[in-house]
Each structure stands twice: as structure tokens, then as C-alpha cells.
Amino acid sequence: MQDLGRPTAPQLDSSSSATEASVRNTQTQGGTPAPARERRKPRISETPPAAPPAPRLADYESIIGKSQLDELRFVASPLRGKRVKMVNSTAMGGGVAEMLNRLVPLLDELEIKTGWEVITGGNDFFEVTKAFHNALHGGEFTLTQQARDVFMLHTEQNRKRMSFDEDLVVIHDPQPAGLISSKAGKSSHWVWRCHIDLSHPNQDVWSFLRPMVEQYDAAVFSSPAFAHSLAIPQALFYPCIDPLSEKNKDLDEKYIQEVCDNFGVDRSRPIVTQISRFDRLKDPLGVIKAYKMAKKYVDFQLVLAGGGASDDPEGAVVLREVQEAAGDDPDVIILELPPWSALEINALQRASTIIVQKSLKEGFGLTVTEGLWKAKPTIASAVGGIPTQVIDKHTGLLVHSVEGCAYQIRYLLTHSEFGAQLGRNGREHVKENFLMTTNARRWVMLFRILSSSNA
Amino acid sequence: MQTAITPTTVFSTVQAKAPFEFKSAAHLLFIERERASSIDELLKALQSCPEESIFQHTFRTLEEHHFIKEGFSNDFAHWAYTELGEVGLGERLASLDVREFTSLAALRARLVQVVEEFASENPKSRERTAPMPFYFCSSKTIVLQTQRHAANLLEFIDGLRQVSLHSIHYHFIEARLRRKLESNDFSIWLLRDLGLERESALLNHIDIYTSTLEGVRRKIIQILQNAVH
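The listed protein sequences derive, respectively, from chains A and B.
Take the first sequence: its position 75, counted from the start at 1, is 70 in our numbering, and no numbers get skipped.
Take the second sequence: its position 174, counted from the start at 1, is 218 in our numbering, and no numbers get skipped.
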């Protein structure tokens, strides 16, 4: 491993145990797609690296400023000694666990004693909760009595196993929602944090869960569009990124260059990048069409980087279609990266001239937040939570079509001052509204508001 | 040897009648029941929503988007322009200056009047539906003592440099709702406790809609530094 002068070394690896990241193009012969052509053979670690230690509160001072950090400590000060319990369904993997890994130590450091527990259950329970999850996103599902019984049985087992003596209890997502029955007779405050899109839920499943949800003191949603007319207050917490995580922290220029060299990205020419899974809803084929339209007028490279092709059959099909659409164009660089490529993705974003997110459907779109945080001019579809982040012509450019995307690429590549202004505004927008420290502040505020309702 | 005392140093360090106490405010967003997809629904929701929603979508949104210096005024104007496609309504709503209002009731009445007038002048606009509804939110506020005080002008300038933009917003923009006066905490203190009539008035003339909040901070400091020199 090369010494890059940083304590958490990147996973670029020249040792023989490393695997080759997939960086391919295709050749088209007589209209028939040919097998993928190997462009380069970059190497990337075969296994996930050890997680770096969580940052301390003081580490954020250089990012948000002393006054904001002091204010966070000040807002939290009346809660000193209070005990909080967070409960979710998984300790590893997924955005909720990732967020809790960062949030819990920060709350602890604010002297709010915060514990984190994970519910347990058999395969039958997690099959039911996965079906609930899909149904709450609007999927078809028939709620049987057996499914209800499995859900309630495991909820009861978890309830008996866990104690709830804390002042505040936060239950994340539907899987542990039934634990609310442990609130009976206690003066503690309970919050249901819903991370999923509830805008068009399966009515059977929602009718089953709703009476549980309405026993909480408050619910928290990621978007007003996800909320429902509930009998309890509903707070709005936008999803957030951690500016000190591998995905978002500042990187040495040397490392960025090394990643680009390794992936065959030429930094002397403009780079337009979309980071996302190979998923139809991210419209990678639309991005290639936009690239081809814009390329008639301006010279640039297109980087499409993400995962999802190795663990998802549909993703593999999409990746193949993307490779076919790219043909043998050496300026279209397609990277299938493993899930532990946070540093490489960070470097690619930082090396980019423009970030694109041309999704057809989107949750909040944290890849957009990441691009904005890196002060990159961003072109993104006006779907899901993206318009909350990309305020058209202020923090980025919103598009509604392939043609719109192509035009804005041309425009930004020829108006760098305007792009730089969008980038500066975008970073400020994230700093004010979508950072982990803002998230911690929101939790502290909610705890204070709930605690004061005791009086 | 005696140190020469210049008129400037005397003036800038003269003790105020009472110190200025810098405060700040933390806000938490809540989702309300009201939603609007058309002008008629917007009108109805504007009339029924809590005052905290009027505050959130006008005063507070300025703070949340403090880094934008042109073309962003309030959430209602932005939605009318970008989602409803009613540029005329967007312009009229955007022209509202929150500093002309010392109560949320008066601001609500003005918003209702603007939308009503536009709808009656443009009846076809009532048929238009926005692809993305306007979701009414509200803001709960906790006021924070920052432990920072200023007993004279120099300390005040130093404090302005150190406090967060939330503090600037709290004293300079939100203050009029608290005080029910067309002024701000800084101007009132400068006039009442330091007798700086001119500077007090100059601060009140800073255009918050053509500057970022950081720019507003710089302008305030510049005006006060000019007074020192």
C-alpha cells in the first residue's frame, strides 16, 4: 500500500490480493454490442477497511465555526444528564445505522447519555418487516393475520428483553414501532423517526401501524411530502451528511490525482460525473444521451460511478445497457465500485467539473448533498427531495429532461464563473441545513421541546 | 509618560448606559396540516395556518437561505414562481419586505390581499395546479443567551464579528416582531444607550434583500467602524 500521508489510507491497492474494479467500455460492431472492453485495470481493496474513529464535537469547529458550535452546546446544556435510547433494526449497513453511528457519540459528548439498541427477530419477522417496508413505499401487499401475529410476537419478545427507563426514547422506522406499548405508565417521551417515504402507503399496512404511531409524543419525517395527518406533532428533519466522513472529508490533492490516474480520468479536461447505483430510476442512459448531445459543442469526459450491479440482477442488466450505450467512446468512463469506495467516490466528486443527478425518482438524494458540499456546480432532476437542495439558479440547476440536462452541461462548461457561484451557494446551503451538526441540533431542540411539555 | 487619549478612543470606549447582550435563536421545523396545489388552496391555507407558519415561510426562510443575495424573498413567492408557474404572482409576493411588518397578523393579511387581488385579476390562474404542493410548516423557537456582552462600541463591533449569523438574524430581522417596532435591536441600543442617532438610522436602511446575511453583518460593522474613525 502506498503511503499517502493520511491516517486513514485510501483503498487503492497495488497488492496481488486486491481485485480489479470494473472499469469498462464496450465496442459496437455492426450494431451488435460487443463484450466489455477493458479500459484500465485499477485496483481496489477486496474487503472493507476498518472504520475510522468517529469525530469529536470539537473537530467540527473548523467547519461550522466556533459560534455555531457554542450555540449547539448551549441549546443542549439544559438536557445534561438526561438519558436517551435509540432503537432501530440493524447495527450495520444502511443509512440509519450510518447516521446513528455518528449521532450517538455527538449527543453523548453533549452530556446527553445516549444508548443505542437493536431489535432482534427471526427470519419470519424480518420477512414481514421487509414486506411492510415495501408496502409502505406503495407496493402491493396483502396483510394477513399471520403477518400481524409474527410482527406482534417479535415485538413482544423485544419489549420483554429491553428496558425503557430513559427520559427519551427514539424508535427508528416501522420495524420496532410496536415497542411503544412499553411507554404505558411512564413519564418518558417517545419519538417515532420515520426515514421512509410514506406518501403513498399500502392502506392495510398503514392502518395496522398508525394506531401505534399515534401513541408516540411526536413523529419525525424527512420531507413534508412523507408526512400524514396524524394526531401528534410532526417534526421535519432533513437527511444529512457528515462533513468528516470518508465520503465528504477534505482530501489531499495527491490522492485525488492518484484516484483519477487509476481510473483513467484525465484531469486536464472537464469532467462531468454522476454517482449512483446502476438503477433505471437514476437514469444513467439518460445521462449518456445528454452527454452525446452536449459533446457536439463542448469537450468533456463523462464518469458514471456506483455500485449495485454485483448484488442485484437488475443492476447488472442496467450496467450492461449503459456499457452498450457508451459504445467505444473513451470519454465515457463507467466504474462499478464496491460499497467501501467512499474515499474514491469523494475523490471523483472533488475532481469533477460538474456533478449530475438525473434521477427519474429520488428519495432525498444524498449524492446531490455530497456534490453541493464539495462546492460543485450541480445539475439535477426536479424530483423527490432534490428541489429542497437545488434551488434553481441559486444553488444549482434543475432539469426536467435529457435535453435540459444537455443544455445545462453546455452552459456550465462555458460559464465557469456562474458555476463557481452556484457551487459556493450550494456549499453554504448544505452547511446551514444538511450537516450532521444541524441534525444533532434538531434532536436536541426536539428533546428540549418535549421535555418542557412536562412542565 | 502619559498616553495620549484621542477623541476616537474616548468615543469608541465610552460606556453605554446599559450593555448589549447578544442572544441567538434556535428553530425547529414542524409539518402542519395545510397544503396547497392551486391559488385557491394557497389562499385558504394562508387564512387558516398558524402564525408560526407565516413566520417560517417569510422571516425564517430568509435565515435558512441567508447566502442568496438576489431573487429569493419568501417561500410563497418561490413556489408561485417555480411550481405554479405564475410569474406575476411570484413577483408580487417577492416584493413584500418583511421589515415593513411588526406583526405576523399584518403580514398574513398582506399576503392574503396580494393573492386575492392576483386571483381576481387573473381568473384563469385559478385553474392551474402545481406539480409539487406547497407544504405549510411552522417553526418553534428557543432563544439562547450567548454569554457575550458589549459595554461600548468597540466591544459591540467585536461581538458582531464573533456571533453566529443566527444571532444577527435574531437581533436585526426578527426583532421587529418582538418589539412591535420598525427597527431592530442594534439600532435601538445604539440610539438609546450610546446616543448614536445617525448610525442607528443607517443600520435601518441596510437592504437585506440584496445582500447575504454575512454581507449584512459586514455592512453593519462598516457603518460602526466609520463612526469610530
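Glycine residues also receive a C-beta, built at the ideal position from the N, C-alpha and C atoms.
- Residue-level contact check: LEU231 (chain A) touches chain B, since one or more beta carbons of chain B fall below 9 Å from its beta carbon.
- As the crow flies, the alpha-carbon of LEU299 (chain A) is around 6 Å from that of ILE270 (chain A).
- Residue pairing from DSSP leaves ALA435 (chain A) without any beta-bridge partner.
- Residues of chain B whose Cβ lies closer than 9 Å to the Cβ of PHE69 (chain A) are, in chain order, SER68, ALA70, LEU188, GLN189, THR190, GLN191.
- Considering only beta carbons, the part of the region 67 to 96 of chain B lying closer than 7 Å to chain A consists of SER68, ALA70, LEU72, LEU73, PHE74, ILE75, ARG77, in chain order.
- Assigned with DSSP and collapsed to three states, ASP387 (chain A) falls in strand.
- Of all residues in the region 430 to 449 of chain A, only ARG436, ARG437, MET440, LEU441, ARG443, ILE444 come within less than 7 Å of chain B when Cβ atoms are compared, listed by chain position.
- The C-beta separation of LEU225 (chain B) from THR146 (chain B) comes to about 6 Å, placing the pair in contact by the 8 Å criterion.
- Cβ proximity to chain A below 9 Å picks out PRO175, MET176, PRO177, TYR179, PHE180, CYS181, LYS184 from the region 164 to 185 of chain B.
- Positions of the alpha helix (DSSP H) runs, each at least 4 residues long and wholly inside the region 124 to 167 of chain A, are given as 140 to 156 in order along the chain.
- At a cut-off of 9 Å between beta carbons, ARG188 (chain A) makes no contact with chain B.
- Secondary structure at CYS255 (chain A): helix, using DSSP grouped into helix, strand and coil.
- Residue nearest to ASP168 (chain A) within the set A:CYS189, A:ALA370, A:PHE121, A:ALA321 is A:CYS189 (criterion: CA-CA distance).
- When C-alpha distances from GLU365 (chain A) are compared across A:LYS244, A:GLN170, A:SER84, the shortest belongs to A:LYS244.
- Exposed is the label assigned to ASN270 (chain B), since fewer than 16 other Cβ atoms lie within 10 Å of its Cβ.
- Any Cβ of chain A closer than 9 Å to the Cβ of GLU241 (chain B) would place that residue at the interface, and such an atom is absent.
- According to DSSP, residue pairing for ARG192 (chain B) in a beta bridge involves B:PHE66.
- Judged by beta-carbon spacing, ASP237 (chain A) lies beyond the 9 Å limit of LEU52 (chain A), meaning their Cβ atoms are not closer than that value.
- Relative to ALA138 (chain B), the option among B:TYR125, B:ALA149, B:ALA150 whose CA is nearest is B:TYR125.
- Contact annotation: ILE251 (chain A) and ALA337 (chain A) have beta-carbon atoms that are not nearer than 9 Å.
- For the pair of segments examined, the region 414 to 431 of chain A was found to touch the region 385 to 392 of chain A: the number of CB pairs separated by less than 8 Å reaches three.
- Relative to the Cα of ASN228 (chain B), the nearest Cα in the group B:TYR214, B:GLU241, B:ASP237 belongs to B:TYR214.
- Beyond the five residues adjoining it in sequence on each side, ARG154 (chain A) comes within less than 7 Å, by CB distance, of LEU174, SER176, SER177 in the same chain, given in chain order.
- By the criterion of at least three beta-carbon pairs nearer than 8 Å, the region 177 to 193 of chain B is in contact with the region 88 to 100 of chain B.
- Contact between LEU239 (chain A) and PRO50 (chain A) holds, since their C-beta atoms are separated by about 4 Å, short of 8 Å.
- The Cβ atoms of ARG143 (chain B) and VAL158 (chain B) lie no closer than 9 Å to each other.
- Take PHE442 (chain A), set aside five residues on each side of it, and the residues of its chain with a beta-carbon closer than 6 Å to its own are LEU74, LEU163, in chain order.
- Leaving aside the five residues that flank LEU105 (chain A) on each side, the residues in its chain whose CB is nearer than 6 Å to its CB run, in chain order, ALA71.
- For GLN269 (chain A), the uninterrupted beta strand (DSSP E) run begins and ends at 266 to 270, by DSSP.
- Cβ neighbours of GLU160 (chain B) within its own chain (closer than 7 Å, five residues either side excluded): LEU87.
- Close CB contacts of VAL58 (chain B) within its chain, under the 8 Å cut and outside five residues either way in sequence, are with ASN196, LEU197, LEU238 (chain order).
- Under the DSSP assignment, LYS80 (chain A) falls in the beta strand (DSSP E) whose first and last residues are 78 to 83.
- Under the Cβ distance rule, THR364 (chain A) does not count among the residues neighbouring chain B, no pair being separated by less than 9 Å.
- Put simply, the backbone Cα of GLN318 (chain A) is about 10 Å away from that of ILE283 (chain A).
- Counting only the Cα atoms, SER376 (chain A) lies some 21 Å from VAL293 (chain A).
- Under the three-state reduction of DSSP output, ALA60 (chain B) falls in the coil class, being neither helix nor strand.
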